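In order, the protein sequences belong to chains S and P.
Under the working numbering, residues 1 to 131 are what the first sequence spells out, in order.
Under the working numbering, residues 1001 to 1131 are what the second sequence spells out, in order.
In this text, a Cβ means the ideal position worked out from N, Cα and C, and glycines have one as well.
Please read these numbers as outputs of a predicted model, since none were measured by experiment.
Data block below; observations after.
2 protein chains.
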Amino acid sequence: MRKKQDNPLLTEVELEFMTGVWETGGGTVREILAELNKRQERAYTSVATVLKIMEQKGFLTSERADRSLVYRPAVPKADYQKTTLKNLSSKLFNGAPAALVARLVDDEDVTDEMLVEMRALLNERLGDDER
Amino acid sequence: MRKKQDNPLLTEVELEFMTGVWETGGGTVREILAELNKRQERAYTSVATVLKIMEQKGFLTSERADRSLVYRPAVPKADYQKTTLKNLSSKLFNGAPAALVARLVDDEDVTDEMLVEMRALLNERLGDDER
DNA sequence: GTTTGAAAACTATTTTTTTAGAAGTTCATC
DNA sequence: GATGAACTTCTAAAAAAATAGTTTTCAAAC
């Protein structure tokens, strides 16, 4: 009987942290702190606490180097993006990803260029043969 | 100087409530309670409290009918979907909605049929002329 | 071998979200 | 005008998330 990993989502703050870690590839608490404080001031221990929690949740791994812990992403950004889209799709779009695209399409802030780009992506996977 | 509505997002539970309200079009606390309890048991006053909060946040309107309050959506589902996608896009996709579609495209659970549907939506807005 | 400094681990506080009991209101009915 | 059922409003407590102070650890510097 497989346990299925019960994909938890990141909280607001955790996501901000994770974004920093994905961007930089990770580092020591102090390094990550420095990165995060560009956006918002936070105490060293706050960051350390959250990172530890994220490790427990399985989003990060840590490894000792010298006296410090070095944290690295345990989950690729692409995977988490997928998880999030699945969740959003099921919670707000009746489980229909196409409905989600429909909403993007009628957002006036989304430019034609972006739409063309999206179409290219779709065609790529579908194969252009049926045009 | 425009105040800009500071579009707040719904919390987990609020979204569940809102989903019920969108589906049914709204109703009295007791009616909404009945709808929600199909999924999870909750006390009458819990539901009443959350609905009140959601009204304060501007997601619902209320109106007295007989002795009861009748709650109705103040925000169309489509609008909220858009808000959420914008948020997600900025927080997790570097503000590029196309990146979001890219992720949908390489999700093996998304069928070709769905992709074709998405493409149709794009073409519709873009106009098929350039094929 | 004692002091010192940087870090982790532990513990605690504050804030936000979720849940719900208790008190007050309204209105039909006796 | 008292009673009671069906509400809303008020108040608060429990749970979760976010922040940070205090203590401990450990190596290096004196």
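What does residue i touch in chain P if you count any residue whose Cβ is under 9 Å from its own?
i: Asp112(S); result: Arg1125, Leu1126
Give a yes or no on whether the minimum CB-CB distance between residue i and chain P is below 8 Å.
i: Lys91(S); result: yes
i: Leu122(S); result: yes
i: Thr84(S); result: yes
i: Met118(S); result: yes
i: Val21(S); result: no
i: Ala74(S); result: no
i: Glu14(S); result: no
i: Gln40(S); result: no
i: Leu36(S); result: no
i: Leu115(S); result: yes
Which word fits residue i, buried or exposed, when buried means at least 16 other C-beta atoms lie within 10 angstroms of its C-beta?
i: Pro76(S); result: exposed
i: Lys82(S); result: buried
i: Tyr44(S); result: exposed
i: Gly27(S); result: buried
i: Gly20(S); result: buried
i: Thr84(S); result: buried
Since residue i sits in a beta bridge, which residues does DSSP pair it with?
i: Thr1028(P); result: Val1070(P)
At a CB-CB cut-off below 8 Å, which residues of chain P make contact with residue i?
i: Leu60(S); result: Here the premise fails: no neighbours, minimum Cβ distance about 17 Å.
For chain S, check one thing: does any of its Cβ atoms lie closer than 8 Å to the Cβ of residue i?
i: Asp1066(P); result: no
i: Ala1078(P); result: yes
i: Pro1008(P); result: no
i: Lys1003(P); result: For Lys1003(P), the pLDDT reaches just 44, beneath the cut-off of 50, and the residue's location in the model is therefore unreliable, although a value from the coordinates is still provided. No, Lys1003(P) lies away from the interface with chain S (no Cβ there is under 8 Å from its Cβ).
i: Ala1098(P); result: yes
Mind pulling the chain S residues with CB within less than 7 Å of residue i?
i: Ser1056(P); result: Reading off the sequence, residue 1056(P) comes out as Gln, not Ser. Per Cβ cutoff of 7 Å: no residues; Gln1056(P) is ~21 Å from chain S at best.
i: Ala998(P); result: Since the first residue of chain P shown is 1001 and the last is 1131, residue 998(P) is not available in this structure.
i: Val1105(P); result: Leu121, Leu122, Arg125
Mind listing the chain P neighbours of residue i? Cutoff is C-beta to C-beta under 7 Å, in chain order.
i: Ala48(S); result: Chain P residues near Ala48(S): none, gap ~23 Å exceeds 7 Å.
If you scan the segment 48-117 of chain S from start to end, which runs of the beta strand (DSSP E) of 3 or more residues do you find wholly inside it? 60-65, 68-73
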